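FYI, in the UniProt record's numbering the residues of the sequence shown are 1 to 353. All C-beta atoms in this analysis are idealised placements derived from N, C-alpha and C, irrespective of residue type, glycine included. This structure is a prediction, so every number in the text was calculated from the model and none was measured. In what follows, a single structure is set out as structure tokens and then discussed.
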Amino acid sequence: MTQHQLALRQTGHGDAQVEECLIPEPEKDEALVRISAVSLNPFDWKMLYRQNTLPAQPVLGCDFAGTVERVGVNVKNVMIGDRVAGTVYGGNIQTPDNGAFSEYVAASAHMLLHLPTHISFEDASTLPTPLFTAGYCLYKQLSLSYPGEATDDQQDRPPLLIYGGATAIGSMMIQLAKLSGHRVLTVCSGASFELVRNYGADMAVDYLELSSVESLIEVCRKEKPRYTIDCISNADSARICASAMQEQGGFYISCTANGPAIDNPQVKTIKIFAFAMLGHESPFPLTGSMSSSLREDVDFGTEFTARAETLLREDKIKPIAADIRQGGLQGIVSGLRDLKASKVGGRRLVYEV
């Protein structure tokens, strides 16, 4: 096996270049995966456009799908030759030589998803970050019942409000919440109504229309959703979520570690850092987080991965629509710029490696 590979390294603010570098060596709890396809998400472009000066030039990219090439000495759950999908903390200056936008990646084996034969590498690459983040919010932070395991009457389960239901994370959140037996209200653009309904949303509200937002507030007064998950997590989304939760209170999850909070004593704000499931500490204080330890997050990631594999195998989860673009690693920067410019919606950009 060759010792070198091609990888996309960040070289400056908004710039990255494909360079030759060493193939990462998997640690004892990792697997080396030969990548077949990668998908882009908002985290990737935000990493590309961070500060101008970095102490290292990290390899970018989080989500990938491919074939296990080698495993660490402690790895038991995957074998050489397995078709898998997974995620890494791409662009991390603490591990600058390891990211998904490359030919090979060393990934935490406990969160590698075995792929059923009906899911292609391209479709599979759209899954990891949305699926793991949605699971972390619903089942770790909010302690909802897993699909098929609720013991109460379905009518007693509170509805969920998901802001940004047409995002990759939001659409996965809708699917899981419905599988767990909850009614789902979501906020998105009017152009995405059909998309979110196809994923299972019971009600969709256009955030661009004031009358629609007012209707949402009225609905929330009646239905009293106790859980609101903000997949956009900016000042505008937090403001609408705060208005919707003003009377009944509950839990508000910001899907970014440095996201907004709701200033309401009846609302508990939870800021998440989903890479904690891989064993990484958050670079931001997680005010309001319910996670008591990094070890618990890793253990949850292990358990949820096994449950997610079952849902995928039984075809109960739909991958996000893949927009497959040409250009391989060289074409990714163009795709990241399109993401930053909000030119991509209802799908994930995918590149074959």
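- Of all alpha-carbon atoms in Lys268, Val298, Ala65 and Thr269, the one lying nearest the alpha-carbon of His280 is that of Val298.
- The closest CA to that of Glu247, considering only Ala150, Asp263 and Ile80, is found on Asp263.
- Met203: member of the beta strand (DSSP E) spanning Met203 to Asp206, first to last residue.
- For secondary structure counted as the alpha helix (DSSP H) over 4 or more consecutive residues, the segment 90-176 holds these complete runs in sequence order: 121-124 and 128-135.
- Of all alpha-carbon atoms in Lys268, Gln266, Thr256 and Arg9, the one lying nearest the alpha-carbon of Ala274 is that of Thr256.
- With contacts defined by Cβ atoms closer than 7 angstroms, Thr133 and Ser39 do not form a contacting pair.
- Leu185 counts as buried, since at least 16 other C-beta atoms from the protein chains shown sit within 10 angstroms of its C-beta.
- Scanning Met47, Glu19, Leu6 and His4 for the CA closest to the CA of His13 turns up Met47.
- For Arg347, there is no enclosing beta strand (DSSP E), as DSSP gives it neither H nor E.
- Judged by DSSP in its simplified three-state form, Thr87 adopts strand.
- For Gln330, the enclosing alpha helix (DSSP H) has its first and last residue at Gly328 to Lys340.
- Contact annotation, Ser189 with Leu208: C-beta distance approximately 6 angstroms; criterion of less than 8 angstroms satisfied.
- Here Cys231 carries a coil assignment [DSSP, helix/strand/coil].
- Within the model, the alpha-carbon separation for Lys28 versus Asn258 is close to 31 angstroms.
- Spanning the alpha carbons of Tyr351 and Gly335 requires a straight line of approximately 9 angstroms.
- Note on geometry: alpha-carbon atoms of Ala235 and Gln3 lie some 46 angstroms from one another.
- When C-beta atoms of the segment 114-131 are compared with those of the segment 140-153, fewer than three pairs fall below 8 angstroms, so the two segments do not count as touching.
- CA-to-CA, the gap between Thr151 and Ile217 works out to about 30 angstroms.
- As computed with DSSP, Phe251 is found in a beta bridge with Tyr227 and Lys268.
- In the DSSP assignment, Thr67 is bridged to Arg34 and Arg83.
- Less than 7 angstroms separates the beta-carbon of Ala100 from that of Phe64.
- Residue environment: Thr117 is assigned as exposed (fewer than 16 neighbouring CB atoms within 10 Å of its CB, all protein chains considered).
- Within the same chain, Tyr146 and Phe304 come within 7 angstroms of Tyr139 by CB-CB distance, once the 5 residues on both sides are set aside.
- The beta carbon of Gln154 sits closer than 7 angstroms to the beta carbons of Gly181 from its chain, once the five residues preceding and following it are set aside; these are given in chain order.
- Under DSSP, Ile217 forms no beta bridge with any residue.
- Between Thr302 and Cys231, the gap from beta carbon to beta carbon reaches 7 angstroms or more.
- The beta-carbon distance between Leu312 and Leu113, rounded to whole angstroms, is 7 angstroms. This is short enough to meet the 8 angstroms contact definition.
- Sequence-distant partners of Arg307 (beyond 5 residues in either direction) whose C-beta falls short of 7 angstroms from its own C-beta, in its chain, are Tyr146.
- Cα atoms of Trp45 and Glu122: separation of roughly 20 angstroms, rounded to the nearest angstrom.
- Remark: C-beta atoms of Tyr104 and Leu32 approach each other more closely than 7 angstroms.
- Of Gly249, Gly86 and Ile332, the smallest CA-CA separation from Lys222 is found for Gly249.
- Counted as a single uninterrupted DSSP element, the beta strand (DSSP E) harbouring Gly12 occupies residues His4 to Gly12.
- A residue is called buried once 16 or more other Cβ atoms fall within 10 Å of its Cβ, and Met79, having fewer, is exposed.
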